[in-house]
Structure formats: C-alpha cells, structure tokens
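Asks:
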Amino acid sequence: MDMNPLVTVASFSSLEAAVAVKGYLEDRGIPAFVPDVIEPQRDWDGPTPFSLPLNNIPVQVTASCEERASRFISDFFRTT
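Using the working numbering, the first residue of the sequence shown is number 1377, and each one after it goes up by one.
(1) Let me check understanding here. Comparing Cα to Cα, which of V1385, G1405 and V1410 lies closest to E1392?
(2) For S1446, which residues in the same chain have their Cβ closer than 7 Å to its Cβ, ignoring the five residues on either side in sequence?
(3) If you measure between the beta carbons of I1449 and S1390, is that distance less than 9 Å?
(4) CB-CB under 6 Å to P1381, same chain, minus the five flanking residues each way: which ones, in chain order?
(5) What does the alpha-carbon distance come out to for the pair R1444 and D1412?
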C-alpha cells in the first residue's frame, strides 16, 4: 500500500499555469507532478491545440507534502 498517495492540490485552466505552479513548488523542495492529461488534436491544420478535459489541469503532490504545497500555492497567487 502506498503510504504517500498523490493528491491534487490545485487545478488550472491552462497547462502553462499548472507548470508554473509545479516549478514554484519544486523550487521550494516540494515534489510536484502534472499528470499527462492533455492530448494534441490530430485533425487540425493550425497551431497544435490541446484537448483539456474539463479545462482542468491538476497539480499533484504526495499526501505528505499536501499541506506545504497548498500553503505555497496560496502564497504563489498572493504574490502574482
């Protein structure tokens, strides 16, 4: 049994925002993970769009890091 399951600490409407928060957490020593939930749509001639399920890109951390991650995410949005 996994003692530190991954938990979603926040969800974002764009991959860029999720990756920015992931980097913010990792800079502070909190391992973060952005699941591979987007897929390029292949039948499109323009710039590659993405299919965003429910427009919801999660950032996940282990349960043991969840409290610190949530606090850092709050700080991130307070200062940006």
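Virtual Cβ for every residue (Gly too), placed ideally from N, Cα, C.
Replies: Looking at the coordinates:
(1) V1410
(2) V1385, listed in sequence order.
(3) no
(4) Around P1381, the same chain offers A1439 as residues with beta carbons nearer than 6 Å, after the five sequence neighbours per side are excluded.
(5) 23 Å
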